[in-house]
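Chemist: When we follow my numbering, the leftmost residue of the sequence shown carries the number -5, and every step to the right adds one.
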Amino acid sequence: MNLPLFRTHDDPGPDFAGLLRRSGHVAASASAGPIPVEQYRHGTTCIAIRYRDGVLLAGDRRATSGNLISHRTLEKVFPADRHSGVAIAGAAGPAIEMVRLFQLQLEHYEKVEGTSLSLEGKANQLSQMVRGNLPAAMQGMVVVPIFAGFDLARGQGRLFEFDITGGRYEEAEHASTGSGSLHAGTVVKLGYEADMDAGAVTDLAVLALFEAADEDSATGGPDPIRGIYPVVATISAGGYTRLPDDELADRTQAIIARRR
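1. So the candidates are Gly87, Phe144 and Ile90; which of them puts its Cα closest to the Cα of Leu113?
2. Please determine, among Leu201, Ile250 and Gly84, the residue with the shortest C-alpha to C-alpha distance to Gly134.
3. What is the residue span of the beta strand (DSSP E) that His65 lies within?
4. Excluding sequence positions up to five away, which residues of its chain have a Cβ less than 6 Å from the Cβ of Gly185?
5. If you drop the 5 nearest sequence neighbours on each side, which residues of the same chain put their C-beta closer than 7 Å to that of Ala57?
6. Taking the runs of the beta strand (DSSP E) that are 3 residues or longer, which of them lie wholly in the stretch 136 to 163?
7. Alpha carbon to alpha carbon, what distance is there between Val181 and Arg76?
8. So what does DSSP say about Ser211, is it helix, strand or coil?
9. Quick one, which of Ala81, Val195, Ala131 and Val137 has its alpha-carbon nearest Cys40's?
10. Rounded to a whole number of angstroms, what is the C-alpha to C-alpha distance between Pro73 and Ala52?
11. Would you call the CB atoms of Arg55 and Pro224 closer than 8 Å?
12. In angstroms with no decimal places, state the Cα-to-Cα distance between Gln317 and Leu237.
13. Ile229 and Ala142: beta carbons closer than 8 Å?
14. For Ile249, which of Ser173, Tyr234, Phe204 and Tyr103 has the nearest alpha-carbon?
15. Give every residue of the same chain whose Cβ lies closer than 6 Å to the Cβ of Pro216, excluding the five residues on either side of it in the sequence, and list them in chain order.
16. Pull up the distance between the alpha-carbon of Thr235 and that of Arg152, whole angstroms please.
17. Given a threshold of 16 other Cβ atoms within 10 Å of its Cβ, counted over all protein chains shown, does Lys183 qualify as buried or as exposed?
18. Cα separation between Leu176 and Phe96?
If you want it as structure tokens, here you go:
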């Protein structure tokens, strides 16, 4: 293949992506700038907290497109398999697609090998998927999940944070992600105790999301009129369990009553 020649005024210089684009090897849109946030839905605040019997995952329900509320009941907490789960923040479309593929991969591994992948292996697999999304993240379609589960080998709950490059970091007590993560994480940090039971850790998670919604416009608070409450799930030796909305409504009303 001959080297492409350019006139002085049309030379892409050190811009390799520009060179490929001008040579016809890459479509112009492939290396376009960041996608405007108004063109896609963005999910926000999720938290994970370790407690006596395992781990808890929780997320608010709001999705935004720029300054608009584009969805009020978005699911951001999903089971990965029987003993693990994922909470997502960032570009909702790629995040949900990533979770579905992750669920399929774990199911396929279990069917082929006859046993489930270790919790460490699941975290590594999700890390590779986040790393694979890096080109899209550079255009604004960032996906930053939290992964948590009950480690059957160790007999305890474990949780992992990620960054957009696929970096995987295990946290000992709690983790948060999304636009309201600073506020939610502060509430969890102040209220966390090492040996909390399921009821206490659920109250802490609901309070954390409640306070995050009060400070961050992209985080959705409880909506008793529409019957919308956070998604909260616990993962213990008994498996993944999502808490019913009726229970979350009662706990939310207790928080409101204390505020009054």
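Cβ atoms here follow ideal geometry from the backbone N, Cα and C, with glycine treated the same way.
Modeler: Reading from the atomic positions:
1. By one-based count along the sequence shown, residue 113 stands at place 119. Distance from the Cα of Leu113 is smallest, within the candidate group Gly87, Phe144 and Ile90, for Phe144.
2. Position 140 of the sequence shown, counted from the start, is the residue given in the question as residue 134. The option with the nearest alpha carbon to Gly134 is Gly84.
3. Against the sequence shown, residue 65 aligns to sequence position 71. Per DSSP, His65 belongs to the beta strand (DSSP E) from Leu62 to His65.
4. In the sequence shown, the residue the question calls residue 185 occupies position 191. Cβ neighbours of Gly185 within its own chain (closer than 6 Å, five residues either side excluded): Leu198.
5. For this step, residue 57 is matched to residue 63 along the sequence shown. Here Ala57 has Arg35, His36, Gly37, Ser64, His65, Leu68 and Ala86 as same chain residues with Cβ atoms under 7 Å from its own Cβ, once five neighbours each way along the sequence are excluded.
6. If you keep only unbroken beta strand (DSSP E) runs of at least 3 residues inside the stretch 136 to 163, you get 140 to 145 and 150 to 156.
7. Counting from 1 along the sequence shown, the entry for residue 76 is found at position 82. Counting from 1 along the sequence shown, the entry for residue 181 is found at position 187. A direct Cα-Cα distance of roughly 29 Å separates Arg76 from Val181.
8. Here residue 211 refers to the residue found at position 217 of the sequence shown. The DSSP-derived three-state label of Ser211 is coil.
9. On the sequence shown, position 46 is the one that residue 40 refers to. Minimum Cα distance to Cys40 is reached at Ala81.
10. Position 79 of the sequence shown, counted from the start, is the residue given in the question as residue 73. Position 58 of the sequence shown, counted from the start, is the residue given in the question as residue 52. Going by the C-alpha atoms only, they are around 12 Å apart.
11. In the sequence shown, the residue the question calls residue 55 occupies position 61. In the sequence shown, the residue the question calls residue 224 occupies position 230. Yes.
12. In this structure the chain extends from -5 to 254, so residue 317 is not present and cannot be described.
13. If you number the sequence shown from 1, residue 229 lands on position 235. If you number the sequence shown from 1, residue 142 lands on position 148. A contact, by the Cβ cut-off of 8 Å.
14. On the sequence shown, position 255 is the one that residue 249 refers to. The option with the nearest alpha carbon to Ile249 is Phe204.
15. Taking the sequence shown and counting its residues from 1, the one referred to as residue 216 is at position 222. Within the same chain, Pro216 has close Cβ partners Tyr223 and Thr246.
16. Walking along the sequence shown from the start, residue 235 turns up at place 241. Walking along the sequence shown from the start, residue 152 turns up at place 158. Here the C-alpha atom of Thr235 lies approximately 16 Å from the C-alpha atom of Arg152.
17. One-based indexing of the sequence shown puts residue 183 at position 189. Result: exposed.
18. As a position in the sequence shown, residue 176 is number 182, starting the count at 1. As a position in the sequence shown, residue 96 is number 102, starting the count at 1. Using only the alpha carbons, I get a separation of about 27 Å.
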